[in-house]
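Written below as structure tokens is the structure these notes are about.
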């Protein structure tokens, strides 16, 4: 089976930089650089399917926003905003 060269292609915020070693099942993995500056190694099929879009920075930022929204107006948020 011929391997698709993903080097230089973009998937979400990731740009494929180089080929990494295969996973335990022999599937191709790729080293990707994120727009935020982070890196991530991901399987080619995950990139192509759209399962992986960043190094994790999108999820991290979304979780921060969700936590802030959840505590908006609570005594905990009011105390935290004083500092």
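Residue numbers (our numbering): -16 to 66. Glycine included, each C-beta is placed from N, C-alpha and C at the ideal position. Please read all numbers here as calculations on a predicted model, not as lab measurements.
Other residues of its chain near residue i: CB distance less than 7 angstroms, five sequence neighbours each side excluded
{"i": "residue -12", "result": "none"}
Own chain residues within Cβ distance below 6 angstroms of residue i, not counting five before or after
{"i": "residue 28", "result": "none"}
Contact belief for residue i with residue j at Cβ below 8 angstroms, rounded distance in angstroms
{"i": "residue -5", "j": "residue 43", "result": "The Cβ separation is near 14 angstroms, so there is no contact."}
{"i": "residue 13", "j": "residue -14", "result": "Not a contact, Cβ separation roughly 11 angstroms."}
Rounded C-alpha distance that separates residue i from residue j
{"i": "residue 48", "j": "residue 5", "result": "36 angstroms"}
{"i": "residue 10", "j": "residue 25", "result": "10 angstroms"}
{"i": "residue 19", "j": "residue 39", "result": "10 angstroms"}
{"i": "residue 67", "j": "residue 50", "result": "Since the first and last residues shown for the chain are -16 and 66, residue 67 lies out of range."}
Limits of the unbroken beta strand (DSSP E) element including residue i
{"i": "residue 17", "result": "12 to 17"}
{"i": "residue 7", "result": "Where residue 7 is concerned, there is no enclosing beta strand (DSSP E), given that its DSSP letter is neither H nor E."}
Spatial neighbours of residue i in its chain, beta-carbon cut-off 8 angstroms, leaving aside the 5 residues before and after
{"i": "residue -9", "result": "-2, -1"}
Continuous alpha helix (DSSP H) stretch holding residue i: start and end
{"i": "residue 49", "result": "40 to 53"}
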